[in-house]
Amino acid sequence: MAAILFSRYRNTDLKELTTRLNEDYYEVLRMYCLNASGLAARLQNDKHHASTSLYTSLAAKLIEQIESLIRLRQQVILPYVSDLSVKKDEGHDCRNCTGSCHVGHNANLMSLKDSHKRIKEILFRLQSVALPLYTEADYPASYKMLRNEMTVIDTALTELFYLEEANLIPRVLEAQRSIHA
């Protein structure tokens, strides 16, 4: 099923893939985080419902991590992939470089994989402290809205991680191999 849903990402070149990921996920996640951040700030100021404070603080931390993840991708990974794509198209050979080229290639890929791990850990913790919404307890509307927004963020991140792990990382590795990085 994933192959059908994400086929538009599978059949593109590296540069087009990163453009689509930026438009379809990085920018969209940035907007989701902006909305969720406002809801979390409102809840943190509401001292009437202490039961929601742990979830709210973890959600705020996750939002910061996601915003950091997006900045990393937009400011570091996307320009790196663009440069890598140009090097591949030009037939660059990293074996003729001084050695700093190789370190840069590995560092960028490792930061991408590391960010996946950090976000997955926070998502797991967030899900474990979420209060059940189907109980008799009357939670603030902003808590329910934050829960919904965080669920949307979770879904978008899951899709993004799948696309990065199934498409972006293998294509980056392939491009690195083609230029002998």
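Here the sequence shown stands for residues 40 to 220, where the numbers follow the working numbering.
Positions of the beta carbon are idealized from the N, C-alpha and C atoms, including for glycine.
Segment contact: the stretch 64-72 against the stretch 178-195, three or more CB-CB distances shorter than 8 Å; contact assigned. Taking C-beta atoms as the reference points, cysteine 133 and isoleucine 218 count as a pair closer than 7 Å.
Taking a 10 Å sphere around the C-beta of serine 181, we find 16 or more other C-beta atoms and assign the residue as buried. The straight-line gap separating the alpha-carbon atoms of glutamine 104 and aspartate 153 is approximately 12 Å. Between isoleucine 116 and the set Leu207, Asn84, Asn187, the nearest pair of CA atoms involves Leu207.
In the structure shown, threonine 95 falls within a helical segment according to DSSP collapsed to helix, strand and coil.
Following the DSSP letters along the chain, one finds phenylalanine 200 inside the alpha helix (DSSP H) bounded by residues 180-202. By alpha-carbon distance to tyrosine 64, the top candidate from Ser92, Thr197, Asn50, Glu213 is Thr197. In terms of Cα proximity to asparagine 61, the closest of Arg112, Leu93, Thr95 is Arg112.
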